[in-house]
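Worksheet: the structure to be examined is printed underneath.
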Amino acid sequence: MNSPKDVSVIVPVFNASATLLPTLRSLLAQTLERIEIIIVDDASTDDSGEIIKKFAAEHEKIISICFLENKGVHEARLAGIKRASAPWIGFLDADDFAQPDMFRFMFDAATQENVDIALCGSYRTNAQRKKIRKRAFFGNNQRIDNKIFERFCCFEFGDGALWNKLYRSNLLKDLDFENLPWRQNINEDLITNIGAFHKAKSLYLMKDILHESVASADSVTAKQNDITAYVNTFRAYALALRIYKTFDAESIFHITSMYRRQLDDLPYRVDDLRYLDEHYAMHLREAITAIEHIYPQGLGLLCCRSRDISNLPIKTLARSLLKKILTRIRILSKKCL
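Reminder that position 235 of the sequence shown reads as 234 in numbering that gives the first Met the number 0, one-by-one numbering, no gaps.
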């Protein structure tokens, strides 16, 4: 009979044979004894499946799930969440590296401090694990008990990645991502974190840098240009509204403000509006329709720079920006119809 586990770590995999071995070895070397490693093969066409089968046969800590058709990283993670048996859940990408004490230190911090989410630091490295920069960093160990969701939406706790966080399992298992209108492969981890941080009552920020995120030119995110980054983020906002439409008005406003901050960053700024209009009209129209049905003033709020909306009341913003909504819709709709 298998002993109860403390932490379930979920690893989504798609055509990652070139990087998967060191990732799995880093998990098998964890100093946390009671850990289960759930690897979800998203219908890989390279040797990833064979690597996973071999490791699962040799190591009882490893559980493998194999999709017969490619469903995307979001669905792969959801399958792992459903399979997880431990009271705590973490994530690791198939080209990243967990330092040996990562999940033991995070588990100890989370349980000793009795918080809902523990967060550690992360290095950005090259393929040879040479450190490039700190991607996530907290200067001191700190417990957070107030305004968690608002501060999360201001990116006070880093970006929306899943891989440097340890969650109480109920924060993730209770999320409802069924029947989404389209597949979202970019910004999907932020959508998951919206639900988790909205429910969280307490966090613990760790000064330890325990995770290494490998910079890869082949990753889906790295292959984005400014136009695809903008479109994917705009559509992610529409999905977030659809998934969390029952949230209170203040929370919806914070979600909108968060995506506005993202779209205001340089990588998301689009210069070639004609190309955007000609090639992504249907994608934008689909997202606009979803936003209109749930939070129409959100279209206007997204037109503002983030500094313009940080301190204004929601009702004031809604009134002052309603004209911008209509103007934006007319411009996009002319080519869409």
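From the three backbone atoms N, C-alpha and C, an ideal C-beta is built for every residue, glycine too.
What you are looking at is a predicted structure, and each value in this text was computed from that prediction instead of being measured.
>> Please classify Arg182 as buried or exposed, where buried requires at least 16 neighbouring CB atoms within 10 angstroms.
In response: As a first step, residue 182 is located in the sequence shown; it is residue number 183 there, counting from the start. Counting the other Cβ atoms within 10 Å of the Cβ of Arg182 gives fewer than 16, which makes it exposed.
- Contained beta strand (DSSP E) runs [length at least 3] in the segment 33 to 64, N- to C-terminal order: DSSP runs (the beta strand (DSSP E)) wholly in the segment 33 to 64: 34 to 40.
Q. At a cut of 8 Å, does the segment 237 to 255 reach the segment 265 to 283 through at least three beta carbon pairs?
A. Between the segment 237 to 255 and the segment 265 to 283 there are fewer than three inter-stretch CB-CB distances shorter than 8 Å, so the stretches are not counted as touching.
What does DSSP give as the partner residue(s) for Gly89 in the beta ladder? Taking the sequence shown and counting its residues from 1, one reaches residue 89 at position 90. Looking at the DSSP output, Gly89 shares a beta bridge with Val8, Leu165.
| task | Return yes when the Cβ of Asp94 is within less than 8 Å of the Cβ of Ala15, no when it is not. | result | On the sequence shown, residue 15 is found 16 positions in, with the first residue counted as 1. On the sequence shown, residue 94 is found 95 positions in, with the first residue counted as 1. At the C-beta level, Ala15 and Asp94 come within 8 Å of one another.
Item to complete: Assign Pro11 to buried or exposed, taking buried as 16 or more other Cβ atoms, counted over all protein chains shown, within 10 Å of its Cβ.
Response: Here residue 11 refers to the residue found at position 12 of the sequence shown. Result: buried.
Review point. Where does Cys119 fall in DSSP's three states?
Key: Reading the sequence shown from its first residue, position 120 is the one you call residue 119. Residue state, collapsed to three classes: strand.
- So what does DSSP say about Tyr294, is it helix, strand or coil? On the sequence shown, residue 294 is found 295 positions in, with the first residue counted as 1. The answer is coil: DSSP assigns Tyr294 none of H, G, I, E or B.
Beta carbon of Ile36 nearer than 8 Å to that of Ile64: As a first step, residue 36 is located in the sequence shown; it is residue number 37 there, counting from the start. As a first step, residue 64 is located in the sequence shown; it is residue number 65 there, counting from the start. No, Cβ-Cβ distance for Ile36 and Ile64 is not below 8 Å.
task: Quick one: using the 10 Å Cβ neighbour count with 16 as the cut-off for buried, is Glu57 buried or exposed?
output: The count along the sequence shown starts at 1 and reaches residue 57 at position 58. The residue in question, Glu57, is exposed, as its Cβ has fewer than 16 Cβ neighbours within 10 Å.
In or out: Thr30 buried (at least 16 other Cβ within 10 Å) or exposed? Residue mapping note: residue 30 aligns to position 31 of the sequence shown, counting from 1. An exposed status is given to Thr30, since fewer than 16 other beta-carbon atoms sit within 10 Å of its beta-carbon.
Meets three-Cβ-pair contact criterion under 8 Å: the segment 108 to 127 and the segment 199 to 217:
Contact annotation: the segment 108 to 127 touches the segment 199 to 217, with at least three C-beta pairs closer than 8 Å.
Would you decide whether His278 is buried or exposed? Buried here means 16 or more other CB atoms lie within 10 Å of its CB. Counted from its first residue, the sequence shown places residue 278 at position 279. Result: exposed.
Glu211, enclosing beta strand (DSSP E) - first and last residue: As a first step, residue 211 must be located in the sequence shown, where it is residue number 212. Glu211 -> beta strand (DSSP E) spans 202 to 213.
For Gln261, count neighbouring C-beta atoms within 10 Å of its own C-beta (all shown protein chains included) and say buried if the count is 16 or more, exposed if not. By 1-based counting over the sequence shown, the position of residue 261 is 262. By the 10 Å Cβ count, Gln261 comes out buried.
* For Gln296, count neighbouring Cβ atoms within 10 angstroms of its own Cβ and tell me buried if that reaches 16, exposed if not. => Within the sequence shown, residue 296 is the residue found at index 297, counting from 1. Residue burial annotation: Gln296 is buried, with at least 16 other C-beta atoms found within 10 angstroms of its C-beta.
Q) Are the segment 45 to 53 and the segment 156 to 173 in contact at 8 Å, needing three or more beta carbon pairs? A) The segment 156 to 173 and the segment 45 to 53 do not touch, with fewer than three beta-carbon pairs separated by less than 8 Å.
Quick check on the DSSP output: the beta strand (DSSP E) that includes Ala135 runs from which residue to which? What you label residue 135 is simply residue 136 of the sequence shown in a count that begins at 1. From DSSP, the beta strand (DSSP E) with Ala135 extends over 130 to 135.
Quick check: Tyr236 and Tyr258, are their CB atoms within less than 8 Å of each other?
Taking the first residue of the sequence shown as 1, we reach residue 236 at position 237. Taking the first residue of the sequence shown as 1, we reach residue 258 at position 259. Yes; because the gap between Cβ atoms is below 8 Å, this pair is in contact.
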